[in-house]
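For what it's worth, the working numbering labels the leading residue of the sequence shown as 269, then goes sequentially.
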Amino acid sequence: MKLHRLLAVFLLAPLLATARTPAPPDAEVYFITPTDGATVTSPVTVRFGLKGMGVAPAGIQNDATGHHHLLVDTDLPALDRPVPTDDHHRHFGAGQTETTLTLDPGTHTLQLLLGDFAHIPHEPPVMSPKITITVE
């Protein structure tokens with residue numbers, strides 16, 4: 269009997285490890301500033317908005333909470349794995365709701381993606397539309 273339980277744990281562990289944290293269906297993450305199509309100068313202040321959920325630091329697991337990830341000049345990462353950490357995937361795991369970016373002149377895209385306590389996007393994913401800004 270104990271062997272069967274142990275075997276079940278090993279077989280189910282990968283499924284449990286990939287289970288995504290649920291998000292309320294009305295949750296929304298959005299840009300307060302800048303707005304889509306804005307022309308700005310660098311450094312750019314980016315402010316994040318969130319409706320229907322709360323902000324909690326990475327590592328803190330509370331219902332209906334998460335923390336922001338800012339995607340800069342990239343597409344969405346895999347939604348069933350932790351968000352990568354690099355210059356295109358900025359983490360705000362301390363619960364920050366704004367940042368200042370130094371961007372080269374030209375056209376750039378920005379997108380927000382909420383992650384759970386383990387940096388994995390929620391189910392359904394809570395993400396903003398991708399916006400485009402021009403840096404002078």
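Note that beta-carbon positions come from the ideal geometry of N, C-alpha and C, so glycine has one too.
Note that this is a predicted model, so its numbers are computed, not measured.
Linking R358 to T367 through their CA atoms gives a straight-line distance of about 10 Å. DSSP places T402 in the uninterrupted beta strand (DSSP E) bounded by 399–403.
With contacts defined by Cβ atoms closer than 8 Å, F316 and I300 form a contacting pair.
Shown here, R358 sits in a strand according to DSSP, grouped into three states.
If you look at R349, you'll find it isn't in any beta strand (DSSP E); DSSP assigns it neither H nor E.
Here L380 is bridged, per DSSP, to L338.
For R315, the enclosing beta strand (DSSP E) stretches over residues 312–319. In the DSSP assignment, V394 falls outside any beta strand (DSSP E) and carries neither an H nor an E.
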